[in-house]
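Q: Quick one: the structure is below, questions incoming.
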Ligand SMILES: [Zn+2]
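Residue numbers (my numbering): 129 to 206.
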């Protein structure tokens, strides 16, 4: 089974989300936490959620996980 290595951006976006990327993603962040190898972005997003509450898949390298997790997360109270 082919696996990819994933990481999560340590800098949150304006909306407070931390993006999960494959380490070979052209849009991968400079400051990141390595998550390890996973068979799909779904597992990587779950692993990233141990670090950050608001996590989203990268639109490009993790398109299957883009927006699906945050949609299930109630918006944070500000
Ligand atoms: Zn990416």
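Glycine residues also receive a C-beta, built at the ideal position from the N, C-alpha and C atoms.
Per the DSSP calculation, residue 150 is bridged to which residue(s)?
A: Indexing the chain shown from 1 puts residue 150 at position 22. The partner list for residue 150 (beta bridge, DSSP) reads 134.
Q: Spell out the partners DSSP gives residue 164 in its beta bridges.
A: Here residue 164 refers to the residue found at position 36 of the chain shown. 134.
Q: Comparing the CB of residue 155 with every heavy atom of ligand 1, is any distance shorter than 8 Å?
A: As a first step, residue 155 must be located in the chain shown, where it is residue number 27. Residue 155: yes, Cβ under 8 Å from ligand 1.
Q: In terms of alpha-carbon separation, which member of 174, 149, 131 lies closest to residue 137?
A: Here residue 137 is taken as the residue at index 9 of the chain shown, counted from 1. Answer by Cα proximity: 149.
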